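Report on one structure; see the data block that follows.
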Amino acid sequence: MQQELRKNILEAAFYVGLMALCLAVIVSTVGLPESLREPLGSSAVPRGISVLIAAFSAFLLGQTLRRIRKLRQAASASPESEAPAASGHPVLKTCVIIAAYAALLTWPVIPSVITTPLFLFILIMALSERTTKNICWAAGLAIVFGAGLHYLFKHYLFVNLP
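Quick note on our numbering: the sequence shown kicks off at 1 and runs consecutively.
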């Protein structure tokens, strides 16, 4: 159980570091020059991507902190009990899912408006517990963020997505 707790604390530290990196990217784009042709300027894409990464990191950090709290409560309730084994490596899962998403984006048959929510749903489900409540939340978040990203890129950033 202690090893599981240490792993979750390390994962939480990773998410906090990722959010700090996103904040650094946002701050570093303050000095970029304004664009005369594009309505949002040259700093819009790095800032937008950083905000999205920070938002997902915050979501995953919240889930990790809940797991840490449950593990600490279980450890204080019965010190002899052993927690179930972890289900795989989250970093490896994330890398495989991102590679599959990138491969799907290069395939012109499936549009990004379908692959992005699918990618987000699979990523959230791979990194969280599979309960009915989480499945509903994952589907809702995937659809809202996927549609929002598509709208943002298409109508504000004027980027034609595949």
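Each residue gets a CB set at the ideal place from its N, CA and C atoms; glycine is no exception. All values reported here derive from a predicted model rather than from experimental measurement.
Taken through DSSP and simplified to helix, strand or coil, P117 comes out as helix. In the three-state reduction of the DSSP assignment, G31 falls in the coil class, being assigned neither a helical nor a strand state. In the structure shown, F158 adopts coil according to DSSP, grouped into three states. Using a C-beta cut-off of 8 angstroms, the stretch 11–25 makes contact with the stretch 56–76, since at least three inter-stretch Cβ pairs fall below that distance. One alpha carbon belongs to E34, the other to V144, and they sit about 30 angstroms apart. Rounded to whole angstroms, the Cβ separation of F119 and I97 is 7 angstroms, and the two are in contact under 8 angstroms.
Rounded to whole angstroms, the Cβ separation of P162 and L127 is 25 angstroms, and the two are not in contact under 8 angstroms. Between the C-alpha atoms of A103 and A75 there is a straight-line separation of about 43 angstroms.
For P46, the secondary structure class from DSSP, reduced to helix, strand or coil, is helix.
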